[in-house]
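**Q** Can you keep this structure in mind? I'll have questions shortly.
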Amino acid sequence: MIRFDRVTKRYPGGHEALKEVSLEIAAGEMVFLTGHSGAGKSTLLKLIAAIERPTSGSVLVNQQNVGRMRRAAVPYLRRNIGLIFQDHKLLFDRNVMQNVLLPLQIAGFSRHDAAARARAALDKVGLLDREKTNPIALSGGEQQRVCIARAVVSRPALLLADEPTGNLDSEYASDIMIMFQAFNQAGTTVVISTHDHAAVLSGNCRIIRLDHGSIQS
Amino acid sequence: MMTWLMHHRRAILTTLAQMALSPVASLFTLFAIGVALSLPAGMYVLLDNATQIAGTLPAQNEMTVFMRDDASPDDVTKLKQQIKAMPDLADSRFVPRQTALQQLSAQMGMSELAAELPKNPLPDAWIVTPAATDANTVARLIKQLEQLPAVALVQADHKWAQRLDALLALGRELINILAIILGIALIAITGNTIRLQIITRHAEIEVSRLIGATDRFIRRPFLYFGAIQGLVGGAIAWGIVTLGIVLLSPQIDTLNKLYATQIQLHALGLTDSLILFAFASLLGWLGAYISVGRTLSRIENTH
Ligand SMILES: Nc1ncnc2c1ncn2[C@@H]1O[C@H](COP(=O)(O)OP(=O)(O)O)[C@@H](O)[C@H]1O
Ligand SMILES: [Mg+2]
Chain A
664 MIRFDRVTKR
674 YPGGHEALKE
684 VSLEIAAGEM
694 VFLTGHSGAG
704 KSTLLKLIAA
714 IERPTSGSVL
724 VNQQNVGRMR
734 RAAVPYLRRN
744 IGLIFQDHKL
754 LFDRNVMQNV
764 LLPLQIAGFS
774 RHDAAARARA
784 ALDKVGLLDR
794 EKTNPIALSG
804 GEQQRVCIAR
814 AVVSRPALLL
824 ADEPTGNLDS
834 EYASDIMIMF
844 QAFNQAGTTV
854 VISTHDHAAV
864 LSGNCRIIRL
874 DHGSIQS
Chain B
94 MMTWLMHHRR
104 AILTTLAQMA
114 LSPVASLFTL
124 FAIGVALSLP
134 AGMYVLLDNA
144 TQIAGTLPAQ
154 NEMTVFMRDD
164 ASPDDVTKLK
174 QQIKAMPDLA
184 DSRFVPRQTA
194 LQQLSAQMGM
204 SELAAELPKN
214 PLPDAWIVTP
224 AATDANTVAR
234 LIKQLEQLPA
244 VALVQADHKW
254 AQRLDALLAL
264 GRELINILAI
274 ILGIALIAIT
284 GNTIRLQIIT
294 RHAEIEVSRL
304 IGATDRFIRR
314 PFLYFGAIQG
324 LVGGAIAWGI
334 VTLGIVLLSP
344 QIDTLNKLYA
354 TQIQLHALGL
364 TDSLILFAFA
374 SLLGWLGAYI
384 SVGRTLSRIE
394 NTH
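First to last, the protein sequences are chains A and B.
Everything in the first sequence is counted per this note's numbering, starting at 664 for the first residue and increasing by one.
Everything in the second sequence is counted per this note's numbering, starting at 94 for the first residue and increasing by one.
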């Protein structure tokens with residue numbers, strides 16, 4: 664599903680965030696991406712969603728070279744990817760429900776279908792009773808769950824989570840990890856970055872370690 | 094198709110919601126646009142009325158050619174041929190001095206006048222109509238006619254009508270210039286509102302992009318906002334103009350009574366109103382289009 668071929672990402676200013684990274688992630692896998700702060704985890708996830716473009720090498724998602732993708736095609740790639748950000752990126756000018764509805768409005772769902780799907784997504788993250796609340800009134804963990812609901816509401820084939828448990832205490836964190844595992848068991852490919860090894864689920868998940876932009880094996 | 098409708102519905106609702114968010118600022122902008130548009134629209138209506146009033150005035154461009162007092166019937170025949178030979182004249186009509194005197198005494202209500210006067214003081218005259226009405230032709234004709242031997246005087250009775258025509262043409266030019274300037278002002282006003290809106294909705298735009306919004310999806314609400322704002326501004330301009338006409342009407346009625354005239358002021362007609370609304374929305378849309386392109390590319394290149 665995802666394939667990096669000797670990918671280097673150099674940011675303006677000359678810093679190399681990724682150096683000759685090659686990796687492959689199969690459909691249906693659940694993968695942890697670990698490494699110290701600044702190792703290049705966020706950069707790697709951004710390359711998958713075409714938020715950043717590689718300096719050299721190729722990034723393939725579903726056989727599409729997203730590094731060379733036309734600007735007009737990028738939105739359709741992103742609709743198939745659920746993105747979860749460390750800083751949530753929730754909108755505080757609207758309630759929880761409206762935040763979760765946004766991807767469906769963008770994809771052009773009818774209001775009726777959209778409302779049903781959004782409610783189902785909120786139910787999965789256990790926030791159905793807070794749908795009318797403004798996300799600013801929620802705790803950090805609850806905000807993260809709204810962000811997850813928004814990421815999964817359009818049922819993407821691929822879920823990318825950038826340090827989803829970064830600011831959460833460990834009990835919340837393991838709840839959220841269990842949630843991701845459930846999505847994975849339903850068939851979604853999941854990539855989770857974290858700098859905290861304790862957050863990695865015990866079990867048979869693959870771990871990709873980044874160190875100063877290079878993969879450690 | 095359904096998706097398309099949904100998106101447009103959403104864009105319209107967003108626009109109204111955005112306007113409701115800052116009602117005072119929205120009203121202020123709408124009025125600024127309305128006043129800006131009402132200037133050319135109002136001038137247009139006044140000019141349109143003036144043109145119509147000018148059209149009801151008597152024949153525009155007849156000239157009277159007075160013959161010398163001592164002109165003989167021979168001279169009359171000769172002049173008749175000369176006038177007939179002039180290509181720039183569309184029409185000519187001879188008014189003998191007796192007829193002129195009879196008409197004058199009838200107009201003055203003194204039928205005996207003609208009999209009482211020892212000698213008819215009026216000369217024979219021709220009333221001629223130039224084929225073209227432009228000032229150059231008319232001036233050249235006057236010169237040609239004055240040079241004919243039996244002619245004493247050529248009087249372009251309705252020179253002022255030509256002046257009015259020239260004035261109306263000047264007015265139309267002014268309106269065009271004013272419309273262009275204020276149209277640009279409308280684009281600028283809209284552009285500024287849109288720019289501020291994009292900045293306040295920066296977070297929403299950024300998130301929407303990250304979750305798969307197309308350029309069109311991002312732009313559409315702003316374009317709608319510009320067009321709707323322009324349309325409402327146009328409606329306000331229409332209201333201002335109509336109100337102005339209504340307020341002027343009693344004054345015109347007084348004038349009508351005093352001068353026994355039949356002048357009626359009319360407001361913007363249906364076609365003109367529709368053109369006003371269409372232009373207002375189009376300019377609003379254009380202002381939004383320019384602003385969205387510039388502002389989005391600026392904020393999205395800064396991170
Ligand atoms: N937009 C950017 N411009 C310049 N340098 C950046 C940018 N984003 C990240 N970096 C740099 O790239 C390196 C990797 O960053 P990042 O991918 O965010 O690491 P991580 O997510 O693992 O903490 C860091 O040194 C960071 O400073
Ligand atoms: Mg990071």
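Backbone N, C-alpha and C fix where the C-beta goes; we use that ideal spot for every residue, glycine too.
Determine the contact status of A:Leu707 and A:Ile855, defining contact as a CB-CB distance below 8 Å.
**A** Cβ distance not < 8 Å, so A:Leu707 and A:Ile855 don't count as in contact.
**Q** Find out if the Cβ-Cβ distance for the pair B:Val128, B:Ile338 is shorter than 8 Å.
**A** Annotated as distal: B:Val128 and B:Ile338, with beta-carbon spacing of 8 Å or more.
**Q** Can you name the residues of chain B whose CB is closer than 7 Å to the CB of A:Ile769?
**A** Ser301, Ile304, Gly305, Ala306 and Phe310
**Q** Can you tell me whether B:Asn269 is buried or exposed, with buried defined as 16 or more other CB within 10 angstroms of its CB?
**A** exposed
**Q** Less than 8 Å between the C-beta atoms of B:Ala134 and B:Val334, yes or no?
**A** yes
**Q** Does B:Tyr382 get closer than 8 Å to chain A when you measure Cβ to Cβ?
**A** no
**Q** Consult DSSP for B:His396 and reduce its assignment to one of helix, strand or coil.
**A** For B:His396, the pLDDT reaches just 47, beneath the cut-off of 50, and the residue's location in the model is therefore unreliable, although a value from the coordinates is still provided. Coil, per DSSP.
**Q** Under 8 Å between the Cβ atoms of A:Ile799 and A:Phe755?
**A** yes
**Q** For A:His678, is the beta carbon positioned less than 7 Å from some heavy atom of ligand 1?
**A** Yes.
**Q** Any beta carbon of chain B sitting closer than 8 Å to that of A:Lys752?
**A** Interface residue, yes.
**Q** B:Leu375 to B:Ile220, Cα distance in whole Å?
**A** 52 Å
**Q** Any chance you could list the alpha helix (DSSP H) runs of at least 4 consecutive residues sitting entirely within the stretch 134–199 of chain B, in chain order?
**A** DSSP runs (the alpha helix (DSSP H)) wholly in the stretch 134–199 of chain B: 166–178.
**Q** Rounded to whole angstroms, what's the CA-CA distance from B:His396 to A:Phe843? Just pull it up for me.
**A** Here B:His396 scores only 47 on pLDDT, less than 50, and its place in the model is too uncertain to base an answer on.
**Q** Could you name the residues that DSSP lists as bridge partners for B:Trp378?
**A** Checking the DSSP bridge columns, you'll see B:Trp378 has no partner listed.
**Q** Checking contacts by CB at 8 Å: is A:Arg818 closer than that to chain B?
**A** So no, A:Arg818 is outside the interface.
**Q** Should B:His359 go down as buried or exposed, given a rule of 16 or more other Cβ atoms within 10 Å for buried?
**A** exposed
**Q** Identify whether B:Thr307 lies in helix, strand or coil by the three-state DSSP scheme.
**A** coil
**Q** Can you give me the Cβ contacts of B:Arg102 inside the same chain, cut-off strictly under 7 Å, excluding the 5 residues immediately before and after it?
**A** none
**Q** Which residue or residues does DSSP assign as beta-bridge partners of B:Trp219?
**A** Among the bridge pairs identified by DSSP, B:Trp219 is matched with B:Val158 and B:Phe187.
**Q** Under 8 Å between C-beta atoms, does B:Met99 make it to chain E?
**A** Within the model displayed, chain E is absent; protein chains A and B are what it includes.
**Q** With 16 other CB atoms within 10 Å as the buried threshold, where does A:Arg731 fall?
**A** exposed
**Q** State the CB to CB distance for the pair A:Leu767 and A:Ala783, rounded to an integer number of angstroms; the pair is presumed to be in contact (CB under 8 Å).
**A** Actually they are not in contact, since the Cβ atoms of A:Leu767 and A:Ala783 sit about 11 Å apart, beyond 8 Å.
**Q** Is A:Ile747 helix, strand or coil by DSSP?
**A** A:Ile747 falls in the strand class under three-state DSSP.
**Q** Quick check on DSSP: helix, strand or coil for B:Met203?
**A** coil
**Q** Taking the CB atoms as reference points, tell me whether B:Leu123 and B:Ile329 lie closer together than 8 Å.
**A** yes
**Q** Write down the C-beta distance between A:Met760 and A:Lys795 rounded to the nearest angstrom, noting that I regard them as a contact closer than 8 Å.
**A** 7 Å
**Q** Using only the alpha-carbon positions, how far apart do B:Glu393 and B:Thr107 sit?
**A** For the pair B:Glu393 and B:Thr107, the Cα-to-Cα distance works out to about 22 Å.
**Q** Is A:Asp792 near ligand 2, going by C-beta to nearest heavy atom under 7 Å?
**A** no
**Q** In chain A, which residues lie with their C-beta within 7 Å of the C-beta of B:Glu393?
**A** None at all; the shortest Cβ gap to chain A is about 11 Å.
**Q** State yes or no: is the C-beta of A:Lys795 nearer than 7 Å to some heavy atom of ligand 1?
**A** no
**Q** Tell me A:Val853's beta-bridge partners as DSSP assigns them.
**A** Answer is A:Met693 and A:Leu822, bridged to A:Val853.
**Q** Given this structure, state the Cα-to-Cα distance separating A:Ala680 from A:Ile878, to the nearest angstrom.
**A** Taking the straight line from one Cα to the other gives about 12 Å.
**Q** So that I know if they touch, is there some Cβ in chain B lying closer than 8 Å to that of A:Arg669?
**A** no
**Q** Between which two residues does the beta strand (DSSP E) holding A:Ser877 run?
**A** Ser877 to Gln879
**Q** Taking only the alpha-carbon atoms, compute the straight-line gap between B:Ser185 and B:Thr157 and give it to the nearest angstrom.
**A** In this structure, the straight-line span from the alpha carbon of B:Ser185 to that of B:Thr157 is close to 10 Å.
**Q** Give me the DSSP bridge partner(s) of A:Val670.
**A** Bridge partners of A:Val670: A:Val684.
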